[in-house]
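Asks:
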Amino acid sequence: MAVAIRQMTYAQAVNEAIRLEMRRDPRVILLGEDVAGGAGVVNFESEDAWGGVLGVTKGLVQEFGRNRVLDTPITESGFIGAAVGAAATGLRPIAELMFVDFFGVCMDQIFDQGAKLRYMFGGKASCPLVIRTMIGAGMGAAGQHSGCHYSVFTHMPGIKTVVPSTPADAKGLLAAAIRDDDLVMVFENKMLYAMSGEVPEGEYVIPLGKADIKREGTDVTIVAISRMVHQALAAADTLQAGGISAEIVDPRTLSPLDEETILNSVAKTHRLVIVDEDNPRCSAATDIAALVADKAFSELDAPIKLVTAPHTPVPFSPPLEQFYIPSPERIIATVQEIMG
Amino acid sequence: MAIQNVGSSMQALDKSLLLRLYEQMETIRTFEERAGKEFSAGKIPGFVHLYAGEEAVAVGVCAHLTDDDFITSHHRGHGHCIAKGVDIRGMVAELLGREAGACRGKGGSMHIADVHKGMLGANGIVGGGFPLAAGAGLTAKTNGKGQVAVCFFGDGAANQGTFHEGLNLAGIWKLPVIFVAENNGYAESTPVTYHMSCRDIADRAAGYGMPGVTVDGLDIFAVYEAAGEAIARARRGEGPSLIECKTYRYYGHFEGDTITYRTKDELEFYRGRDPILGLRRFMVERNIASEEELDAINKQVQERIDDAWQFAEAAPLPAPEEALTDVYVSYP
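Quick mapping for you: the protein sequence lines, in order, are chains X and Y.
Counting in our numbering, the first sequence runs from -3 upward without gaps.
Counting in our numbering, the second sequence runs from 1290 upward without gaps.
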């Protein structure tokens, strides 16, 4: 039977994944700041509750009620830690860390408690927790609301990291994350929330650890993460017009990382550019570069190149912020440089 | 707040319960003294923090719990494990890093746990347990079966930000969580009179809309009664409580601590108020149990600890490659 495909936004796809998983499993709860909205309003369920600062979780409290969609105080260490405790004792929470930049106020609960619990207890416990969080520059949100920082968490054993780039991937990967028995962090790029795309109806699950080739090509592999997939796709059109065929690999999850798809692509194109909006030191980009240098050095016809944000916080002023975000132009120039 | 003279009504407790409380406290004491000795002999890797002196708190609280209830603990967690029914052989094997350990040798003293007994782990991060206990309380509330969660923490942890966050969450959501402060007078070497801006931790309960009570943590009856009330309240769905137990640790912050920050006189004073000897004297004076009966319990406890050490020392170490397992449930 053919699966119906609809157009919906990335934000709607996230909402649909949560809704379907909450219907499927009563142990799934959602908690975070303003995820329902209006906790003090009488008869809020009949009201047009806020559904998060950008409305991504709108409507969920009406269907599932306040016992499963919990507004929290502004208390990240408290509610992220409570989500870890709830996960270790039988629930399957989805906790929303509004902006990833806020990890500083709850890192112990993520890193020292949630991520290490299973290991320290000798495999006799698990932490089936999803932490959804917004990433990405481009809204003028400045230094404390615009970072990516998925590299920080990819570095940490015990955490899986998911970086969906399209509405369909957002739905399928989030569903997989919620069903996963480990601590999974899903990084939702806020610049993609309004983006529309085709999304399968009903149950749709994309296994974690499977990259997706977003565009096939023969001359150069561009591994692009999250929103950078779209920058790379734009660059690829221009490159194609100039006779260069770029293959775009979207890892979709950084931990686990689908090494095979990346290595196979490099074996085909013999050139690699990595595009990453995160800061460049000790990052997903350098990690992928190291992987290819280690396992496919003899396949390379040119040095591996990185197109990343600079080693700075995200600036505020629009020209500074645009300079910060890797652009199609920078990708094109970098590819042309290694095509020789 | 004055220490309340509670517990008097508990002195009518039945003999079997009194003997069980005594046996558990004696087990913790014997376990800890042996651990201290073996640590000095170089047999235990890492850090060890002994609970000796504080036994009445863990035992008096956990006497009201079942395996379906949850506890969070801290770096001084052996007593909580024993009071919550974690297997003694598995505990010693864990201290020695053996495959047969409670955590298969991956946690050691500071992370000893048994989730199936509701023991959510000792914890190496001071104050790490407050949010976790709130989360276990959220599970309990969601399940709706009258389970509770107990968060054991020290006076030092009361100054962490997580104290505020955990108690506030439990307060606003009326979670069935009992926060049990084990105020032993010192955060590592720093006295509570220096490190805390109020006299009693229990004073802070008012800020979270929950009852707070300070009890003599060396008195098993006082602890048992206060915990019983708070736990019954939580099971009835009436929300969280804070119990502060004024107690004392006989040994240093960790084994190897030179303990230059307190006097011998102070230690002797508290040794004179020993919670186990106190219960023993109570039972003997009232002819509830004879010296011989209690000596027999001590002997059984000693044999059990000896057996656990014998078992653990003979148990194999894990294969080095075991370091690679148990990070994830599944990882492609």
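The beta carbon of each residue, even a glycine, is placed where N, CA and C say it ideally should be.
Taking a cut of 7 Å between CB atoms, which residues from the region 1483 to 1500 of chain Y lie near chain X?
Replies: Under the 7 Å Cβ criterion, the region 1483 to 1500 of chain Y contributes no residue.
Asks: Using DSSP with H/G/I as helix, E/B as strand and the rest coil, what is X/Q3?
Replies: strand
Asks: When the Cβ atoms of the region 1379 to 1388 of chain Y are set against those of the region 1419 to 1433 of chain Y, are three or more pairs found closer than 8 Å?
Replies: no
Asks: At a CB-CB cut-off below 7 Å, which residues of chain X make contact with Y/F1468?
Replies: Ordered by position in chain X, no residue passes the 7 Å Cβ test against Y/F1468, which lies about 13 Å from the chain.
Asks: Can you name the residues that DSSP bridges to X/F312?
Replies: Paired residue(s): none; X/F312 is not in a bridge.
Asks: Does the contact criterion of 3 or more C-beta pairs under 8 Å hold for the region 7 to 26 of chain X versus the region 63 to 70 of chain X?
Replies: yes
Asks: Could you give the DSSP three-state label for Y/S1305: helix, strand or coil?
Replies: helix
Asks: Nearest by alpha-carbon distance to Y/D1595: which of Y/G1445, Y/A1608, Y/E1322 is it?
Replies: Y/E1322
Asks: Do Y/I1565 and Y/E1344 have their beta-carbon atoms positioned less than 8 Å apart in this structure?
Replies: yes
Asks: Is the CB-CB distance between Y/H1369 and Y/I1377 below 8 Å?
Replies: no
Asks: Taking the straight line between their C-alpha atoms, what separation do you get for X/I202 and X/P306?
Replies: 32 Å
Asks: Roughly how many whole angstroms lie between the Cα atoms of Y/E1580 and X/A121?
Replies: 43 Å
Asks: Mapping the DSSP letters down to three states, classify Y/I1377 as helix, strand or coil.
Replies: helix
Asks: Kindly indicate which residue of Y/E1555, Y/E1544, Y/E1315, Y/A1601 has the alpha-carbon position closest to the one of Y/S1330.
Replies: The amino acid occupying residue 1330 of chain Y in the given sequence is Ala; Ser does not appear at that position. Among Y/E1555, Y/E1544, Y/E1315, Y/A1601, the Cα nearest to that of Y/A1330 belongs to Y/E1544.
Asks: At a Cβ cut of 9 Å, what residues of the region 44 to 74 of chain X count as close to chain Y, listed as they run along the chain?
Replies: N63, R64, L66, T68, P69, T71, E72, S73, G74
Asks: Any beta carbon from chain X within less than 8 Å of Y/H1400's own beta carbon?
Replies: yes
Asks: Taking the runs of the beta strand (DSSP E) that are 3 residues or longer, which of them lie wholly in the region 234 to 294 of chain X?
Replies: 242 to 246, 249 to 251, 268 to 272
Asks: Just to confirm my understanding: we take Y/G1366, look at its own chain, exclude 5 residues before and 5 after, and list those with CB closer than 7 Å. What are they?
Replies: I1401, A1411
Asks: Could you name the residues of chain X that Y/R1378 contacts, counting a contact when the two beta carbons are closer than 7 Å?
Replies: Neighbours of Y/R1378 on chain X: none; closest Cβ ~15 Å, over 7 Å.
Asks: Under three-state DSSP, which class holds Y/V1295?
Replies: At Y/V1295, the pLDDT of 45 sits below 50, so the modelled position is not reliable and the matter cannot be decided from this model.
Asks: Quick one: any contact between the region 1496 to 1506 of chain Y and the region 1519 to 1533 of chain Y, if contact means 3 or more CB pairs under 8 Å?
Replies: yes
Asks: Using the Cα positions of Y/P1605 and Y/F1328, report the straight-line distance between them to the nearest angstrom.
Replies: Distance between the alpha carbons of Y/P1605 and Y/F1328 is about 19 Å.
Asks: Counting only Cβ-Cβ distances shorter than 7 Å, please list the residues of the region 115 to 127 of chain X near chain Y, keeping chain order.
Replies: Y115, M116, F117, G118, G119, K120, A121, S122
Asks: Taking the continuous alpha helix (DSSP H) assigned at Y/N1457, which residues delimit it?
Replies: Unbroken alpha helix (DSSP H) run through Y/N1457: 1450 to 1461.
Asks: Ignoring anything shorter than 4 residues or poking outside the region 1411 to 1450 of chain Y, list the alpha helix (DSSP H) runs there in chain order.
Replies: 1418 to 1432
Asks: Quick one: Cα of Y/R1622 to Cα of Y/K1326, how far?
Replies: Not covered by the structure: residue 1622 of chain Y. The range shown for chain Y is 1290 to 1621.
Asks: Where DSSP assigns a beta bridge to X/S192, which residues make up the other side?
Replies: Residue pairing for X/S192: DSSP places it in a beta bridge opposite X/T5.
Asks: Out of curiosity, what's the CA-to-CA distance linking X/I328 and X/V148?
Replies: For X/I328 and X/V148, the gap between their C-alpha atoms comes out near 28 Å.
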